[in-house]
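See below for the structure under consideration.
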Amino acid sequence: MRVPRRIRLTVAVVAAVAVLAPLVWLWWDSRLSSAYSVMDMGVIDAGGRPPHGHAPHGAGRSVTSLIADPDRPADVSVTLVARKQRAGRAAYTINGSSPGPVVRAVQGQLVQVRLENESVPAGVTLHWHGVDVPGAEDGVAGVTQDAVPVGGEHVYRFVADQAGTFWYHSHQISHEQVEKGLFGALVITPRGSPPGPDVVAVSHVFGGVRTVNGVAGDLHVGAQPGQHVRVRVVNTDNGLTAAWVGGSPFRLLAIDGTDLTGPTQVRDAAVLVTAGGRVDLEIVVPSTPTRVHLGGPTGVVLGDGTPTPVARPAAVLDPLTYGTPAALPFDPQAADRVFRYEIGRRPGFIDGKPGLFWTINGRLYPDIPMFTVAVGDIVRMTIVNRSGEAHPMHLHGHHAVVLARDGVPATGAPWWVDSLEVDNGQTVEVAFAADNPGIWADHCHNLPHAAEGLVAHLMYEGVTTPFTIGGGNHPE
Ligand code: C2O
Ligand code: CU
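This is how it looks when you write it as structure tokens:
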């Protein structure tokens, strides 16, 4: 039978519309308004509790009110000047170099940092990675502040309560600004006894070149045999890196700014450092020079001379079983909220752009879960990665303890993290106390992934923000 031409044409048009219309709708629906509040993002996930709904704009407590004691004078005052400026391999600098200066404080001191943007056209902020600062001080453009424009400044104040190794970096267009140099280390030493010798080793890849403290090659540190040196490795890069020691055993003293209980001697094993994460290694300097290898071509040499590099050991230290167990400050089994953060990947549109994007619980940014808690809650979260790639997951404002990985319970020292590698196919269970009100990003620290939508937030009931994303604020 011959179908008349007009009918064939009509059928073809109807079929095309049927296929295209949903796509056009998805495209249209994915476009973001020019400025939007994180408070309107996504769907509330109350972790098994009855949801209270989004806090109405203007009601509740503004994130800007969550600050350190305004009457307390600063113990440590630092000015950090951000510039668009070539220095070494960096395209941006802080106080003329990248990394910027190491900010040092003693536990309990009030740290006050004045950030000045001299010449970074897109604006800058500073985020205190791993420090559980008050909500207003978190430095996320569009969530806790506006990006600081050229000629502007912003003052951050927080009490350095946690002794350990941390870092700071811009959280405005972070996938570009961090990669090109807007970062530095922050070291908080314990109160009381004077700290022993330490070495800060910031590991970063600039345009494909691996560096330590901004320089390709080795960092040479004079050290006396018998000295106990704490090497503070900060991974400011987008990818996992490995650290291992040639020429002497070592102990892994801390992960992500938290000391481990009962750290034992390690030989012939590499320590993995998550993107954004830190490890503190203790080396008792032997009579011959020793080298801490950072990813291979760069390292820290302790003592005089140039030791021959050793190959990366096949074995990897597993923090799940390292050190001795100790009591946790809360009972994770008595959690008030239980969340699932499942990472996947699928084609779709984000802000009108088609692509293969990361999903959170099957949803695309910004239509993702808003993990909602109240002060005092104990929270358990299961992070599941079914996305085809590894993700270094970073929760702002809190430290979480790892309970289990792929169903295997943690049996070593309590493993507190702010940055946690979740490999493809892995399931990791963590717990934390919701004791720091604010609006906190919980995102992948492979920063291009964050820019591709792998960002959710932990929201405290009743906390609001006057800032908006879009316009001049682009946190990722
Ligand atoms: Cu170090 Cu939200 O980042
Ligand atoms: Cu990622």
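All letters in the sequence shown, in the order written, are residues 507 to 982 by this note's numbering.
Each residue gets a CB set at the ideal place from its N, CA and C atoms; glycine is no exception.
Under the 8 Å Cβ criterion, the stretch 862 to 871 does not count as touching the stretch 922 to 942, having fewer than three qualifying pairs.
A588: member of the beta strand (DSSP E) spanning V582 to A593, first to last residue. The stretch 738 to 750 and the stretch 644 to 661 do not touch, with fewer than three beta-carbon pairs separated by less than 8 Å.
Apart from sequence neighbours up to five positions away, the residues of its chain that approach L909 with a beta-carbon distance below 8 Å are P838, R886, P915, A916, E935, V936 and A937, ordered along the chain. Look at H635: its beta carbon is at least 7 Å from all of the heavy atoms in the ligand CU. The three-state reading of DSSP puts T631 in coil, since its state is none of H, G, I, E or B.
R578 is bridged by DSSP to nothing; it lacks a bridge partner. Under DSSP, S754 shares a beta bridge with no residue. Take G977, set aside five residues on each side of it, and the residues of its chain with a beta-carbon closer than 6 Å to its own are A541, in chain order.
As the crow flies, the alpha-carbon of G782 is around 23 Å from that of V626. With a cutoff of 8 Å on beta-carbon distance, G670 and T764 are scored as near each other.
The C-beta distance from P943 to V881 rounds to 5 Å, short enough to fall under 8 Å.
Of T971, D667 and P813, the smallest CA-CA separation from A642 is found for T971. With contacts defined as CB atoms closer than 8 Å, H949 and A956 qualify as a contacting pair.
The straight-line gap separating the alpha-carbon atoms of H951 and R512 is approximately 56 Å.
The Cβ-Cβ distance between P819 and W750 falls below 8 Å. In the same chain as V816, and ignoring 5 residues on each side of it, the C-beta atoms closer than 6 Å to its own belong to G752, in chain order. By the Cβ criterion, the stretch 611 to 626 is in contact with the stretch 577 to 591, since at least three pairs of Cβ atoms, one from each stretch, lie closer than 8 Å.
Not a single heavy atom of the ligand CU lies less than 7 Å from the C-beta of L826.
Take G745, set aside five residues on each side of it, and the residues of its chain with a beta-carbon closer than 7 Å to its own are A781 and N952, in chain order.
Around the ligand CU, the residues whose beta-carbon falls short of 6 Å from at least one of its heavy atoms are H897, C950, N952, H955 and L960, given in chain order. Only exposed fits E895, as fewer than 16 other CB atoms lie within 10 angstroms of its CB.
When DSSP states are grouped into helix, strand and coil, M965 belongs to the strand group. In terms of Cα proximity to P792, the closest of V646, V715 and A729 is A729. Residue state for L870 is assigned as coil, using DSSP reduced to three classes. Between the beta-carbon of H677 and that of G645 there is about 5 Å, and that keeps the pair under the 8 Å contact cut. Residue environment: P731 is assigned as exposed (fewer than 16 neighbouring CB atoms within 10 Å of its CB, all protein chains considered).
Q683: member of the alpha helix (DSSP H) spanning S680 to Q683, first to last residue.
Take the alpha-carbon of A596 and the one of V684: they are about 10 Å apart. About 20 Å separates the CB atoms of P755 and R784; that is not less than 8 Å, and the two are not in contact.
If the five residues before and after R589 are omitted, its C-beta is found closer than 6 Å to the C-beta atoms of T599, E624 and S625, all from its own chain and listed in chain order.
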